[in-house]
Amino acid sequence: MSEPLVIGIESSCDETGVGIVRGRELLANEVASSVDLHARFGGVVPEVASRAHLEAIRPTLERALEKADVDISELDAIAVTAGPGLMGSLVVGMAAAKALATVANKPLYGLNHLVGHVGVDMIEHGPLPDPTLALLVSGGHSQLLLVKDITSDITEVGTTIDDAAGEAYDKVARLLGMGYPGGPVIDKAAQLGDPKAIRFPRGLTAKHDLEKHRFDYSFSGLKTAVARWVEQRMYDGEEVPVNDVAASFQEAVADVLTAKAIDACQHYGVDTMVLGGGVAANSRLRGLLSERAEAAGIELRRPRPGLCTDNGAMIAVLGAAVVEAGRAPSELTISSDSGMPVEKIIA
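As structure tokens, then:
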């Protein structure tokens, strides 16, 4: 079988993404972001996101098809994010995918958004070894996944029990008056600060926590610690060293994420790790994980930053993989699932 030509539609949050691949070759990756619309609210507003997807989905589809120089009739399959994500946003992408599948008489694959973040690495580095450990860090998720087959066998071995890393970034950025989204602005400020200036806590790393939550994450306490430190500084009438706070906070996040990921690799006997998700574009996380993986003899695979944030390419390449694996397509009657578990790869 020749490499499948697949279009992928992603609309789980505030980016409308359409990607087209032939096998693992990326032909187009068009993204329309509504982040500016949400910035004034300090976070994503579901109703605003849904309307933005409605306005952007058709022109984004058209741009992707034009960029790839592909006609809908040539496609082998239509892939779309089925979940998890914001329900109103997911429904827009799902409706568009169903329409395309019906009109073009092509098989439809409703896929898992989180698995797409892991699978997008295949565009740059080829198939994932069996097994692979994935560190998935996005706005609402901080997870460690044991991947034996990207199309059929994924097990969650660690997850966040409260705030995910991305949520903590947004909340700390708001606390420091730095705007939204928090990840890029804190990362930029951290370059000018001292990561050792303040020793913020590392969640779930105490001995009694490790017994039950060895591979789990918690960033709620870190967020609270930053807030209390800043409040005390202001109460004492002292200037808040924003860059040092940003750097010290970021160091705490990166330290815990990477330490537990390396530990999981060693525990499960895995020598390949993939870093995925929007927060995977963070410079300190990428740098520290690279240092620790090299020291531990673990091969680290990192998609380029532009493929880490939500995009259609990740859904398209995962779609191509499931087609090549001979997985059965989804029914046209499938529904979006805002809480779709990561172990469920195809809806």
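Take 1 as the starting number for the sequence shown in UniProt numbering and just add one per residue. Glycine residues also receive a C-beta, built at the ideal position from the N, C-alpha and C atoms.
My output table needs one value for D153: the three-state DSSP class, helix, strand or coil. Taking the sequence shown and counting its residues from 1, the one referred to as residue 153 is at position 153. If DSSP states are grouped into helix, strand and coil, D153 belongs with the strands.
Member of G237, L289, N282, P195 whose CA lies at the smallest distance from the CA of A252: What you label residue 252 is simply residue 252 of the sequence shown in a count that begins at 1. Ranking the options by Cα distance to A252, first place goes to P195.
Proximity to V21 [Cα-Cα], best of N243, A32, G326, V322: Position 21 of the sequence shown holds residue 21. Considering only N243, A32, G326, V322, the residue with the shortest C-alpha distance to V21 is V322.
Inter-residue spacing [alpha-carbon to alpha-carbon] between S12 and S89: Residue 12 sits at position 12 when you count from the first residue of the sequence shown. Residue 89 sits at position 89 when you count from the first residue of the sequence shown. Between S12 and S89, the C-alpha separation is close to 6 angstroms.
Go through the stretch 257-345 residue by residue and report every complete run of the beta strand (DSSP E) that reaches 3 residues or more, in order. 272-276, 299-301, all fully within the stretch 257-345.
Could you compute how far the alpha carbon of G203 sits from the alpha carbon of Y217? In the sequence shown, residue 203 corresponds to position 203, counting from 1. In the sequence shown, residue 217 corresponds to position 217, counting from 1. Linking G203 to Y217 through their CA atoms gives a straight-line distance of about 7 angstroms.
Taking the alpha carbon of A95 as the reference point, which residue from V270, G339, I334, G326 has its own alpha carbon closest? One-based indexing of the sequence shown puts residue 95 at position 95. For the options V270, G339, I334, G326, the alpha carbon positioned closest to that of A95 is the one of I334.
Excluding the 5 residues preceding and the 5 following I262 in the sequence, name in chain order all residues of the same chain whose CB lies nearer than 6 angstroms to its CB. What you label residue 262 is simply residue 262 of the sequence shown in a count that begins at 1. Short of 6 angstroms from the beta carbon of I262, and not among the five residues preceding or following it, lie these beta carbons of its own chain, in chain order: R292, A296.
Per DSSP, which residues does N29 bridge with? Please list them. Within the sequence shown, numbered from 1, the residue matching residue 29 stands at position 29. Partner(s): G19.
So for N105, helix, strand or coil by DSSP? Taking the first residue of the sequence shown as position 1, residue 105 is located at position 105. If DSSP states are grouped into helix, strand and coil, N105 belongs with coil.
Exposed unless 16 or more other CB atoms sit within 10 angstroms - verdict on V103: On the sequence shown, position 103 is the one that residue 103 refers to. With fewer than 16 other Cβ atoms within 10 Å, it is exposed.
Does the distance from the C-beta atom of V137 to that of A64 stay below 8 angstroms? Counted from its first residue, the sequence shown places residue 137 at position 137. Counted from its first residue, the sequence shown places residue 64 at position 64. No, the pair does not count as a contact, with Cβ atoms beyond the cut-off.
Given 8 angstroms, three or more beta-carbon pairs between the stretch 297-308 and the stretch 46-54: The stretch 297-308, when compared against the stretch 46-54, does not touch it at the 8 angstroms Cβ threshold.
Distance, K148 Cα to Q191 Cα: Working through the sequence shown from its first residue, we reach residue 191 at position 191. Working through the sequence shown from its first residue, we reach residue 148 at position 148. A direct Cα-Cα distance of roughly 37 angstroms separates Q191 from K148.
Quick one: grab the DSSP three-state call for L146. Against the sequence shown, residue 146 aligns to sequence position 146. When DSSP states are grouped into helix, strand and coil, L146 belongs to the strand group.
Beta-carbon contacts of R233 that lie in its chain and below 7 angstroms, excluding the five residues immediately before and after: Position 233 of the sequence shown holds residue 233. So the list reads V240, once near-sequence residues are dropped.
Could I get the ranges of all uninterrupted alpha helix (DSSP H) runs contained in the stretch 163-219, with 4 residues as the minimum, in chain order? Complete alpha helix (DSSP H) runs here, min 4: 165-175, 182-190, 207-213.
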